[in-house]
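Undergrad: I have a structure here, written as structure tokens, and I will follow up with some questions on it.
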Amino acid sequence: MSRTDAESLLAAYYAAFNAGNPAGMLALVTGDVEHRVNEGGIRRGREKFAEFCAHMGVSYREELRDLVVFASEDGTRGAAEFTVHGEYLQTDPGLPEARGQRYVLPAGAFFDLREGKIARITTFYNLSDWVAQVSA
């Protein structure tokens, strides 16, 4: 995959995210995708990633803005930087109570790309910043 193809793949992934289209996101990941969430465990496989997407769609409404994607020359790795504009809809276990709080959070992600799909997603954000925003 070329750098341009990799950047297009990542842009399509985030376009599906912003459209609230988890099926579109799932179509862009490998069957054995590895999903590493900030300060959390590792989910392996499309089914576990689908469960995560379904949960996120219930608990949060998010739009990613100021998106910039990058890819290696050989198209095997990528990264993205963005700002999450969100609303906390339903309480997530172990986190503050949801009351429709809004938040703005800088974030980023790293990717492994294989055979035209996303094989690894590693997401980073400042959880303490998010907790402070939704607790205020």
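Using the numbering used here, you'd call the opening residue of the sequence shown number 17 and step up by one each time. Cβ coordinates follow ideal geometry from the N, Cα and C atoms, glycine included.
What would DSSP say about residue 23, mapped onto helix, strand or coil?
TA: Residue state, collapsed to three classes: helix.
Undergrad: Going by C-alpha to C-alpha distance, which of 34, 116, 47 and 74 sits closest to residue 82?
TA: Minimum Cα distance to residue 82 is reached at 34.
Undergrad: Hey, residue 53 and residue 61 are a contact pair by Cβ (cut 8 angstroms); roughly how many whole angstroms apart?
TA: With a Cβ gap of about 14 angstroms, residue 53 and residue 61 do not count as contacting.
Undergrad: Have a look at residue 27 and residue 137 and give me their C-alpha separation to the nearest angstrom.
TA: About 14 angstroms.
Undergrad: Give the straight-line distance between the Cα atoms of residue 113 and residue 152, rounded to the nearest whole angstrom.
TA: Those two C-alpha atoms are separated by around 11 angstroms.
Undergrad: Classify residue 125: buried if its beta carbon has 16 or more other beta carbons within 10 angstroms, exposed otherwise.
TA: Counting Cβ neighbours within 10 Å, residue 125 comes out buried, since at least 16 surround it.
Undergrad: If the criterion is Cβ atoms closer than 9 angstroms, does the pair residue 87 and residue 143 meet it?
TA: Contact flag unset, no.
Undergrad: If I'm right that residue 94 touches residue 127 with Cβ under 8 angstroms, what's the distance once you round it to whole angstroms?
TA: Confirmed, Cβ separation roughly 4 angstroms.
Undergrad: With DSSP as the reference, label residue 62 as helix, strand or coil.
TA: It is helical.
Undergrad: If you run the structure through DSSP and keep just helix, strand and coil, what is residue 103?
TA: Strand, per DSSP.
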